[in-house]
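Numbering (the working numbering), first residue to last: 226 to 1273.
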């Protein structure tokens, strides 16, 4: 480990923040903190114990004064990478958002909007894989994160009431931050009470119960005390009216339901404050939501039969009453009237009936029993039938007849969601349609008796259980796979669609699609009905096995698939010529010309199942010219070589090569023919002094014809290139040959125009190198000396380049450039913008210089300064500034920048700036002064407050002046075990602006920053990183630190 025995004094400039520590003070539970939504919030300085990674919980009581504006995200609790914020979504939203940043953002928005002018308790938990939100202790929403994610860490402050400048408008109370995912029972048990601050896993706790002051103590003792920002500390403290001390109760399920009675369970989660006397509790019930008619205990009596009831638990203590969530239940149906079997009176005597003698009781009737419904039925024309069930009317005592009426009903699920009666469906049976599939059906049966006594008849209604309507998946008659055979390239045996049929329930339309594509070809599957339309084409020259899958769907989730297995038989393909045949030899009587068969490719066959052997046959031919006029075979000239005779003088030769393979597949052999033409292009190659050069490679290539060949020069510098396709003089511009000459020493030259075959005189004069020269002047036509002139070939930007500097007269010469036709020449000089020939700052618009055949003169330039930003840098205390201060102009949106040094008078000129950039930020950093930024209203110290400016022409550019100010400093000693250290990296970070600055201890640098508060970080490879928060108001501050060694 490094040990340095040296005393260090380091100097830093820090931003001030006032922090008042009041941890440990407890207050009466009666206050909250009010935020105006216009810049008011609480700041808690960074503390590593607030960094959450895997498990955490955020809680708060929240009171909104107004709705969230669109695209506005007011903060409730925000600590860098985790938060509760308002979700002002596009289109309008008053939801709350809970989440965190890891490798990406994971968030969950509440299911419903949060109402204005109403206290609500919100809690969000994360257990390493599941995000959960709770509204008033009830689960609102969950989000499972696949694989679980870790919360990112940062060194940012904790803010309450603000997130990224979005401020909250309302009241906040009881903010709690836990390093564990709290259980729902934990949340419910502590909602309506304050905490002691010593609870396990409680990291930070703020109860906001002060009455004045601008400090907010952390009652959890975690040293996370906050400061009220942009608040007076008086009017913002306000009374909290949420249900402090109330009990917490939950509603259970309903049971023991009859026509007139029921029982509803309840759980008293928290008795509230005080715990004694124990709260009273019971059930509230009624026929509308949020009932207020209550009974003690959980038994309900005197209910009306066949009625939907709402019920919720309640609990009351001396603090107040709270309610659980609503549940619903329906009492049993089928009441009948029992009493006297008969009523009588004397003639002409009035009959009086005391209705009080009649008693309403449950009928001993049963629900209708199951449908006569076939399994997996439910398609068009499928009929389902209702059983009326068993009904009891013996209570009337006499003979009675019961008649039944029916009504069929449909719902989206078994709970009766979106229940509707089917119009006209009132018979004992119902014919299903395809629109009913995936729905839930039941029948309503109404029983009516003719009774005994009065009234003449009574009715009661019951319902069958819901049954889901589904259909059987389609069935493919051919099973799960089918085979087809065809030939390679579909010739001669082409694709033939196999017979595939599918069946399903009557009235259902089947749809066919391709579910798995072919691996070695293109398949399509389409159509509706019992059979599909299938096409298939194998990839070119492919043979072997292939497969794809066809799928049929009934449109209601039922599918069936069949694999189509294709065998592609191999076909013998003819060889393919990849390099044309050629002719070598000397054009003289008695000389032997030799045919080169070229290169032939038969891997199409050999790659399938073995080797393929290629044999060659030759036929020499004569023509009157290079275009093949009067082309004819030479009798008997069928060998690979041919001896020239006197009869051949002034003739043009070609050789026809036929390649035959043994192939794979049918037919057994295949042949292909290519012809090489003689005397395509000829010429001579000389040295710079006119001496012929032997051994130079002459090469000809046609880009449009994709063919080329070459030859070496002989002792006389003569070359002739054979084996080219004929191109006439008229066609040379489009299809002609580019001709190059390459010497053994590597010097190359390209003929300046494309050549036709049969031509002569394609001559070259090779030089060791060419030169380009010219003159550089300024806008006043004065010579510019010392300017750098650079030339580079676009095709060979590394190999073919050169540089020169202008002399006192502005003249330059770049020598030794290799031949190329596309040199781009540019000039750069101090105080001038970069310029390309001819008079452009855009390289893509530069004019190329051709150095193929000769030197080039007259490549001249006239320079200007281009677009500039200029001005002066001065000190606010009129102290002299040294020359050479760097002024930087950086685009706020793009990686574009420029800089310049000040002269002895403080003047700077940043030249050659991009005319398309209009958002340059101008800054100056100088030892001993605060970093400064240009603004038209005056120099600013924060980048975000700087003006964004555009460059201008020199004569029109305004002065952009910057005034530097000195700052405060802190000084002290960095030690390890009492010994001074040097070489420690010291970084300051402004929590407000994010500005960073760095020095190395004992380096002599001094950072000058505005007064205020900064996070100061000490870093070294040998010592543990140390964080300090330092505050300066109006004077220098001493700071000594002691570092701890890293473990070995």
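Backbone N, C-alpha and C fix where the C-beta goes; we use that ideal spot for every residue, glycine too. All of these numbers come straight from a predicted model, not from anything done at the bench.
With distances taken between CA atoms, residue 259 lies nearest to 457 out of 309, 457 and 350. Segment contact: the stretch 1102 to 1116 against the stretch 1065 to 1084, fewer than three CB-CB distances shorter than 8 angstroms; contact not assigned. In terms of Cβ geometry, residue 1268 and residue 1199 form a close pair [threshold 8 angstroms]. Just measuring C-alpha positions, the residue of 489, 537, 464 and 455 sitting nearest residue 473 is 537.
In this chain, the beta strand (DSSP E) harbouring residue 632 covers 627 to 636.
With 16 or more other CB atoms across the displayed protein chains lying within 10 angstroms of its CB, residue 311 is buried.
Assigned with DSSP and collapsed to three states, residue 277 falls in coil, not helix or strand. Around the beta-carbon of residue 721, fewer than 16 other beta-carbon atoms lie within 10 Å, marking it exposed. Rounded to whole angstroms, residue 1261 and residue 1171 show a C-alpha spacing of 27 angstroms. In the structure shown, the three-state DSSP call for residue 992 is coil. Going by DSSP, residue 412 is part of the alpha helix (DSSP H) stretching over 409 to 415.
The three-state reading of DSSP puts residue 1179 in helix, counting H, G and I together.
Closest option to residue 352, judged by alpha-carbon separation, among 369, 342 and 344: 369. Contact annotation: residue 429 and residue 402 have beta-carbon atoms nearer than 8 angstroms. For residue 821, the enclosing beta strand (DSSP E) covers residues 817 to 821.
Unbroken alpha helix (DSSP H) stretches of 4 residues or longer found wholly inside the stretch 642 to 669: none. The stretch 947 to 966 makes no contact with the stretch 999 to 1014; the number of CB pairs closer than 8 angstroms stays below 3.
Straight-line measurement puts the Cα of residue 263 at about 27 angstroms from the Cα of residue 1254. For residue 1221, the number of other beta carbons within 10 angstroms of its own is below 16, and it is reported as exposed.
By the Cβ rule, the stretch 282 to 289 counts as touching the stretch 382 to 400, because three or more pairs are nearer than 8 angstroms. For residue 768, no alpha helix (DSSP H) segment is defined, and its DSSP state is neither H nor E.
In this structure, 682 is the residue among 612, 682 and 670 with its C-alpha nearest to the C-alpha of residue 625. For a cut-off of 8 angstroms, the C-beta gap from residue 1226 to residue 1207 is around 5 angstroms, short enough to register as a contact. Among the bridge pairs identified by DSSP, residue 304 is matched with 307 and 383. Judged by DSSP in its simplified three-state form, residue 1128 adopts coil rather than helix or strand.
Following the DSSP letters along the chain, one finds residue 1202 in no beta strand (DSSP E), marked with neither H nor E.
Judged by DSSP secondary structure, residue 802 falls within the beta strand (DSSP E) whose first and last residues are 801 to 804. Under the three-state reduction of DSSP, residue 336 is assigned to coil, being neither helix nor strand. With fewer than 16 other beta carbons inside 10 angstroms of its own, residue 608 counts as exposed. By the CB criterion at 8 angstroms, residue 713 and residue 817 fall outside the cutoff. Per the C-alpha coordinates, the member of 978, 1048, 1057 and 1018 positioned closest to residue 1011 is 1057. Secondary structure at residue 1170: helix, using DSSP grouped into helix, strand and coil. Beta-bridge analysis with DSSP links residue 974 to 966. When DSSP states are grouped into helix, strand and coil, residue 1250 belongs to the coil group. Counting C-beta atoms within 10 angstroms of its own C-beta, residue 699 has 16 or more neighbours from the protein chains shown and is therefore classed as buried. The residue among 1246, 1211, 1248 and 1259 with its C-alpha nearest the C-alpha of residue 1240 is 1211.
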